[in-house]
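Top line first, the protein sequences correspond to chains A and B.
For the first sequence, our numbering begins at 91 and goes up steadily by one.
For the second sequence, our numbering begins at 33 and goes up steadily by one.
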Amino acid sequence: MSDHFEIHEHDVLVIGAGGAGLRAAIEASAAGVSVGLVCKSLLGKAHTVMAEGGVAAALGHLDPQDGWQTHFMDTMKGGSFLNHWRMAQLHAQEAPDRVRELEHWGALFDRTPDGRILQRAFGGHTWKRLAHVGDRTGLEMIRTLQDRGVHSGLDVYMECTVTRLLKDGDRIAGALAYWRESGRFVVFRAKAVVIATGGVGKAYRITSNSWEYTGDGLALAYEAGAELIDMEFLQFHPTGMVWPPGVMGLLVTEGVRGEGGILRNSKGERFMWKYLPDARRHEYAETDDEARQWVEATVAGQQSKARRPPELSTRDNVARAIYTEVKEGRGTPHGGAFLDISYLPADRVKRKLPSMYHQFLELADVDITRQAMEVGPTTHYMMGGLRVDPDTAAATVPGLFAAGEAAAGLHGANRLGGNSLSDLLVFGRRAGAGAAAYAKGLATSPTPSEAEIEAETRAVLAPFARETGESPYEVHRALQQCMDQLVGIYRVQADLDRAVEELAKLRARADAVRVEGTRMFNPGWHLARDLQNMVLVSEAIARSASLRKESRGAHSRLDHTGLDAALGQVNHAVTKGPDGMRVTPTPLPAMPAELKQLFDAGAPPKQEVAR
Amino acid sequence: MSDEAGGTREATVRVFRGDASGGQEVEYKVPVEPGMVVLDAIHWIQAHRAPDLAVRWNCKAAKCGSCSAEVNGKPSLMCKSRLDHFAEGEPICVRPMKTFPLIRDLVTDVSWNYEVNKRIAPFKPREGAEWKWQQSDVDRVQEFRKCIECFLCQDVCHVLRAHEMKHKFAGPRFFVRIAALEMHPIDGEDRTGFLKDTAGLGLCNITKCCTEVCPEGIHITDNAIIPLKERVVDRHYDFVRLLWNKLRGKPSDAI
């Protein structure tokens with residue numbers, strides 16, 4: 091190895107320090123291997139911190155009828171049955187233990203009157219299932235994991251960006267990164283790497299994601315030969331802020347609807363009634379009165395025969411509803427829908443939704459205890475990602491593992507709210523255990539190729555050497571415009587074809603940007619590298635979407651509005667071929683009979699248990 | 033409410049540019065949009081004038097505590113500082129936090145905070161405790177757990193800022209963290225010795241500057257620091273208890 095590089099050696103290297111990365115690192119460390127945790131930001135700032143509504147787990151504290159089977163079925167239905175059944179099963183079975191474990195590590199969830207963890211209702215969940223802390227559940231989780239992590243003997247490398255996974259033959263051998271502060275390169279030698287880098291929201295202009303969400307892990311894995319699946323399924327959260335411009339896309343928690351928030355158009359119509367899918371209409375309230383009874387029972391922490399308000403439909407459905415209302419001319423002054431919680435007592439709103447109260451008051455001059463919010467769809471979450479083995483979280487390259495948003499399979503075509511926080515605990519733990527077991531099984535440490543390292547450092551530094559070239563910010567804007575306009579919430583073939591063409595041009599532009607200044611904490615240079623990842627992952631999204639000529643979950647085609655039974659049997663797998671990106675349909679794993687029976691038995695039991 | 037027409041007004045933003053070897057404020061004219069915050073202005077400057085302008089940010093929603101800076105002298109989150117809260121024509125000066133070593137432009141080295149955090153004894157549930165408690169038992173702790181680690185309280189605290197006593201003072205952020213642990217309904221660890229001897233709690237003379245700058249509105253002084261001071265006094269300076277401990281032959285770690 092060249093002696094001019096800083097070198098660190100670990101058994102397991104975890105890339106990304108959100109919930110999934112932290113949970114993986116804690117688990118691997120507990121297994122007795124040496125663990126390095128690399129993150130682009132400071133520790134504790136990852137996007138998990140933004141998660142608001144809660145973590146889904148069938149604890150059954152408020153609705154004792156709940157159990158893993160119902161959570162499993164809700165997850166599969168929410169994902170239009172494109173999920174990997176085994177992931178959905180493990181997730182539903184293990185989430186309660188993961189939540190209790192978090193409590194044992196110091197997390198303080200809101201309480202029921204009898205002193206247990208309180209749970210709230212969320213879209214697509216049959217029962218009240220989300221353990222939460224007001225509307226700052228993610229902060230509670232990340233701080234708990236962070237504090238646990240720093241006492242677990244991990245080495246944390248903050249503000250460090252990985253640009254390439256290194257291999258020894260077909261096996262993972264580590265990663266090349268640079269320190270954001272100094273711009274100096276650092277080589278990590280590792281037997282196993284866990285990708286926990288989250289999603290790719292920054293490829294879109296209107297997004298709830300922060301600057302970090304540039305698809306790094308997906309691009310790194312793709313370049314290393316791993317398979318990505320389900321990339322056409324990108325979740326548009328129905329409720330982002332639409333005004334003022336600086337905060338457009340900023341998340342408004344689904345917790346607002348979970349607590350009783352009502353969606354109305356500019357004519358004052360409660361439009362969600364119209365958009366409920368016929369097959370699931372029976373699960374929702376029929377009248378304003380019934381919805382109101384549900385809210386009142388929820389506020390009082392009581393059981394009720396009343397069914398849920400229509401606003402608690404799944405995210406894909408609510409997002410399309412708001413989009414359609416706006417498109418058909420019934421939008422609010424700033425192009426969204428009204429979300430109203432002001433009919434509830436002000437002190438309750440402030441207690442249950444404190445961040446929302448402050449966010450709107452301080453950033454939009456709206457007092458949500460007195461006025462309606464304006465909301466609209468915002469790019470939020472990537473259901474697709476690395477194909478992983480459900481039990482070990484192993485990706486398709488030896489030594490590579492993935493968890494959280496960067497991994498695919500659990501959520502299928504659409505994720506239910508609250509299932510991401512439980513996902514990152516359940517599969518973060520499994521990835522940490524899987525990676526540690528793999529690392530222990532290797533007799534010798536793989537050795538990264540020096541030539542590969544040298545070539546990568548030259549490529550990363552190239553933008554400094556160019557005499558001319560666009561600013562990376564300019565190309566980023568063009569990419570966001572392309573994705574917003576052509577690969578958005580509703581898609582058609584002509585747009586997707588054009589997007590693929592545009593993305594080829596954008597790739598050439600991204601490869602030719604010029605950056606100014608030095609390597610010391612230079613955000614323009616950082617963006618230049620991240621931009622290449624975003625363009626690559628965008629291409630995977632557009633190509634996968636182009637191939638799925640049906641509407642399923644979060645993927646909505648105006649030219650193919652129905653479900654296609656044959657496409658319901660396949661995931662689209664993206665791999666790097668000799669002539670560029672390849673997308674191929676691969677058969678969906680078959681669900682075993684005992685799980686199938688759950689669905690054949692009909693709808694889960696409804697409201698029949700009294701306490 | 034800001035001018036809905038927007039777009040025509042310009043703000044004068046003076047941003048510190050430089051590193052440990054020196055630097056100066058550089059003036060930029062930034063077009064103003066409705067509802068714009070200082071962080072938006074910084075982003076506009078990055079995209080149009082100075083692509084290498086160094087700044088930390090993440091959530092842009094006052095939830096992650098990354099974009100801390102001093103705006104017109106006041107330690108603030110840039111994502112929460114609305115341009116329309118400044119008088120029209122008033123220049124807006126944005127400088128890095130003073131208490132921490134400068135890396136570049138608006139970015140400072142806050143790693144010391146992470147080192148302090150590591151030294152705090154973690155949550156340790158009492159043996160046999162029941163995992164049940166009332167909401168009212170945790171309301172206070174949940175207030176502390178709102179902390180987003182922006183380190184603005186550390187930046188403003190004169191013990192750290194003016195007297196540079198990082199070697200013997202943990203700072204308000206970590207008093208809040210310790211308070212959250214100490215007041216957890218079933219925590220069984222005693223951190224009062226650490227507070228007294230290592231974290232330098234006694235150096236705080238409760239000027240409440242930290243509370244004033246906290247973007248989460250945590251009552252740092254009243255709810256965290258003062259009760260901790262009382263605990264330290266109870267545990268280490270209570271002569272009846274000291275006598276009792278002596279009579280019972282218990283070792284005392286005080287005096």
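No residue lacks a Cβ here, since even glycine has one placed at the ideal position from N, Cα and C.
One or two residues paired with residue i in a DSSP bridge
| i | result |
| --- | --- |
| A/Arg210 | A/Leu220 |
| A/Tyr374 | A/Arg398 |
| A/Trp269 | A/Cys250 |
| A/Ser646 | A/Tyr580 |
| B/Arg127 | B/Glu102 |
| B/Arg136 | B/Asp51, B/Val139 |
| A/Lys257 | A/Ile262 |
| A/Pro334 | A/Pro334 pairs with nothing; no bridge assigned. |
| A/Phe428 | A/Arg354, A/Glu464 |
| B/Gly203 | Note: B/Gly203 sits in no beta bridge, so no partner. |
Same chain, Cβ closer than 7 angstroms to residue i, neighbours up to 5 away in sequence not counted
| i | result |
| --- | --- |
| A/Val516 | Leu180, His181, Glu184, Ala185, Arg188 |
| B/Thr140 | Pro128, Met129, Phe132, Pro133, Leu134 |
| A/Thr617 | Sequence check: residue 617 of chain A is Leu here, not Thr. Within the same chain, A/Leu617 has close Cβ partners Pro562, Tyr563, His566. |
| B/Lys61 | Glu42, Thr44 |
| A/Thr422 | Ser356, Phe428, Glu464 |
| B/Asn145 | Phe183, Gln186, Arg205 |
Residues of its chain near residue i, where Cβ-Cβ distance is below 6 angstroms and the 5 sequence neighbours each way are ignored
| i | result |
| --- | --- |
| A/Ala110 | Ala286, Ala493, Gly494, Leu514, Gly518 |
| A/Arg354 | Arg360, Phe428 |
| A/Ala381 | Ala375, Pro399 |
| B/Pro204 | Cys185, Cys189, Cys242, Ile252 |
| B/Pro217 | Trp165, Asp169 |
| A/Leu192 | Thr234 |
| A/Ala700 | At A/Ala700 the pLDDT is 33, less than 50, meaning the model places this residue with poor confidence and gives no usable figure here. |
| A/Gly168 | Gly214, Thr404, Asn504, Leu506 |
Same chain, Cβ closer than 8 angstroms to residue i, five either side skipped, listed in chain order
| i | result |
| --- | --- |
| A/His222 | Gly143, Gly144, Val145, Phe199, Asp200, Leu208, Gln209, Arg210, Gly345 |
| A/Gly303 | Inspection of the sequence shows that residue 303 of chain A is occupied by Tyr rather than by Gly. The answer, listed in chain order, is His137, Gly288, Gly289, Val290, Gly291, Lys292, Thr297. |
| B/Ser98 | Arg88, Trp89, Asn90, Cys91, Cys182 |
Extent of the continuous beta strand (DSSP E) run through residue i
| i | result |
| --- | --- |
| B/Gln56 | 54-63 |
| B/Leu109 | 106-109 |
| B/Asp146 | At residue 146 of chain B the sequence reads Tyr, which differs from the Asp that was named. B/Tyr146 -> not in any beta strand (DSSP E); alpha helix (DSSP H) instead, spanning 143-150. |
| A/Thr608 | Where A/Thr608 is concerned, there is no enclosing beta strand (DSSP E), given that its DSSP letter is neither H nor E. |
Residue i, enclosing alpha helix (DSSP H) - first and last residue
| i | result |
| --- | --- |
| A/Leu637 | 613-637 |
| A/Gly667 | Not the alpha helix (DSSP H): A/Gly667 falls in the beta strand (DSSP E), residues 660-667. |
| B/His190 | 190-193 |
| B/His75 | 70-80 |
| A/His194 | 175-194 |
| B/Thr243 | 241-245 |
| A/Gly345 | 345-348 |
| A/Val408 | 405-415 |
| A/Met166 | 158-168 |
| A/Asp101 | Where A/Asp101 is concerned, there is no enclosing alpha helix (DSSP H), although the beta strand (DSSP E) it sits in stretches over 96-105. |
| A/Leu132 | Taken as a continuous stretch (DSSP letters only), A/Leu132 belongs to no alpha helix (DSSP H), as it is neither H nor E. |
Inter-residue CB distance, residue i and residue j (contact presumed, cutoff 8 angstroms)
| i | j | result |
| --- | --- | --- |
| B/Leu213 | B/Phe271 | That belief does not hold up - the Cβ atoms of B/Leu213 and B/Phe271 are roughly 27 angstroms apart, past 8 angstroms. |
| A/Ile412 | A/Pro467 | 6 angstroms |
| A/Val277 | A/Gly264 | 7 angstroms |
| A/Gln570 | A/Arg295 | 4 angstroms |
| A/Glu401 | A/Ile352 | 6 angstroms |
| A/Arg505 | A/Gln325 | 6 angstroms |
| A/Asp225 | A/Thr343 | 5 angstroms |
>> By the 9 angstroms beta-carbon criterion, what residues does the segment 124-135 of chain B contribute toward chain A?
In response: Ile135
> Of the residues that make up the segment 99-110 of chain B, which ones have a beta carbon closer than 9 angstroms to any beta carbon in chain A?
Replying inline: Those residues of the segment 99-110 of chain B that come within reach of chain A (Cβ to Cβ, closer than 9 angstroms) do not exist; the list is empty.
> Listed from N- to C-terminal order along the chain, which residues in the segment 61-77 of chain B have their beta-carbon within a distance smaller than 7 angstroms of any beta-carbon of chain A?
Replying inline: Glu65, Pro66, Gly67, Met68, Val69, Asp72
>> Residues of the segment 210-238 of chain A in Cβ contact with chain B at a cutoff of 9 angstroms, in chain order, please.
In response: Val223, Gly224, Arg226, Gly228, Leu229, Glu230, Arg233, Thr234, Gln236, Asp237, Arg238
> Closer than 8 angstroms, Cβ to any Cβ of chain B: which residues of the segment 590-615 of chain A, in chain order?
Replying inline: Answer in chain order: Val605, Glu606, Gly607, Thr608, Met610, Phe611, Asn612, Pro613, Gly614, Trp615.
> Taking Cβ-Cβ distances below 9 angstroms as the criterion, which residues of the segment 427-448 of chain A are in contact with chain B?
Replying inline: Pro444, Ser445, His448
> Using Cβ-Cβ distances below 8 angstroms, what residues of the segment 261-274 of chain A are close to chain B?
Replying inline: Glu271
>> Give me the subset of the segment 552-572 of chain A whose CB atoms are less than 9 angstroms from a CB atom of chain B, sorted by chain position.
In response: Ser561, Pro562, Tyr563, Glu564, His566, Arg567
> What residues in the segment 292-319 of chain A bring their beta carbon closer than 8 angstroms to a beta carbon of chain B?
Replying inline: Ser300, Trp301, Glu302
> Name the residues in the segment 131-143 of chain A whose C-beta lies less than 9 angstroms from a C-beta of chain B; which are they?
Replying inline: Ser131, Leu132, Leu133, Gly134, Lys135, Ala136, His137, Val139, Met140, Glu142
> Of the residues that make up the segment 324-345 of chain A, which ones have a beta carbon closer than 8 angstroms to any beta carbon in chain B?
Replying inline: Trp333, Pro334, Pro335, Gly336, Val337, Leu340, Leu341
> What are the residues of the segment 188-206 of chain A that lie near chain B, defined by any Cβ-Cβ distance shorter than 7 angstroms?
Replying inline: Glu193, His194, Trp195, Gly196, Leu198, Asp200, Arg201, Gly205, Arg206
>> For the segment 177-197 of chain B, list every residue whose C-beta sits within 9 angstroms of some C-beta in chain A, in sequence order.
In response: Arg177, Lys178, Cys179, Ile180, Glu181
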